[in-house]
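Let me begin by presenting the structure, written as structure tokens, before commenting on it.
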Amino acid sequence: MGILSRHKQEMAKAEILYKDVKFVFCPYFKNNVTFNSDGFHHLRYNGSGSEREKISQMNKFALLPKAIEIISKSGTLQQYRKQWGAVGRKRNSDGSRPMKEMEYFAFEGILGTGANMLRVKAIVRRAGNGEPHFWSVMSDVNLRRKSSYKLASDDIIDE
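Each residue of the sequence shown is one higher than the last, beginning at 1 in our numbering.
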């Protein structure tokens with residue numbers, strides 16, 4: 001099976017899971033985290049709107065169940081960032097988009113055991129005064145090679 005057909009198959013499975021979830025209760029927020037179209041779009045496209053590499057997308061699709069698990073169990077925040085960001089699609093002919101204050105919350109978990117151990121980071125975003133929604137998921141594949149495990153890293157937005 002070629003990379004394009006495999007990508008199409010993995011994306012279809014991830015999209016079904018994503019649409020089935022709709023929301024997950026997060027102990028940290030004491031509220032639901034919504035799984036809306038913004039989060040699924042971000043799994044496929046980076047912050048500048050360019051499509052991610054197919055392999056990168058498939059990795060994010062594969063980690064989606066782990067992100068759901070981490071968000072549903074996380075009572076402790078690992079990282080936090082607040083910054084201004086563009087919201088929505090381009091509205092004006094000049095390509096501008098409205099801006100809002102964005103909050104990014106990172107929840108991490110070390111999953112698996114031994115050689116199968118993997119650190120997974122799930123990102124939740126809140127735009128302005130809106131509800132928190134799933135934004136991204138990523139892994140640290142280097143965890144297997146480390147003798148000690150540091151949960152904090154420098155960037156939570158677009159790794």
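Think of the CB as a built atom: it goes at the ideal place given N, C-alpha and C, for glycine as much as any other residue. On a predicted model such as this, the values are computed, not experimentally measured, just so you know.
Range of the contiguous beta strand (DSSP E) that encloses residue i
| i | result |
| --- | --- |
| ASN31 | 31 to 34 |
| TYR45 | Element bounds for TYR45: n/a, residue is neither H nor E. |
| VAL87 | No beta strand (DSSP E) contains VAL87, which DSSP labels as neither H nor E. |
| ASP140 | 133 to 140 |
| THR111 | The sequence given here has Leu at residue 111, not Thr. That run of the beta strand (DSSP E) goes 99 to 111. |
Cutoff 7 Å; reference residue i; Cβ partners in own chain excluding five residues on either side
| i | result |
| --- | --- |
| GLY128 | LYS100, GLU101 |
| SER74 | CYS26, PRO27, TYR28, PHE107 |
| SER147 | Caution applies to SER147, whose pLDDT of 49 falls short of 50 and renders its modelled position unreliable; the value that the coordinates give is listed next. Correct list: empty, nothing qualifies. |
| ASP38 | HIS133 |
Contact check, residue i vs residue j, beta carbons under 8 Å
| i | j | result |
| --- | --- | --- |
| LYS121 | GLU103 | no |
| GLU53 | ARG44 | no |
| PHE107 | LEU77 | yes |
| LEU17 | LEU64 | yes |
| PHE105 | VAL87 | no |
| PRO132 | PHE29 | yes |
| ILE70 | GLY109 | yes |
| VAL33 | PHE23 | yes |
Own chain, CB closer than 8 Å to residue i, minus 5 neighbours either side, in chain order
| i | result |
| --- | --- |
| PHE61 | GLU10, MET11, LYS13, ALA14, LEU43 |
Supposed contact pair residue j and residue i - C-beta distance, whole angstroms, cut 8 Å
| i | j | result |
| --- | --- | --- |
| PHE134 | ALA67 | 7 Å |
Extent of the continuous alpha helix (DSSP H) run through residue i
| i | result |
| --- | --- |
| ALA127 | Per DSSP, ALA127 belongs to no alpha helix (DSSP H); it is in the beta strand (DSSP E), 118 to 127. |
| LYS22 | No alpha helix (DSSP H) contains LYS22, which DSSP labels as neither H nor E. |
Beta-carbon proximity list for residue i, same chain, < 6 Å, skipping 5 on both sides
| i | result |
| --- | --- |
| LYS19 | none |
| ARG6 | none |
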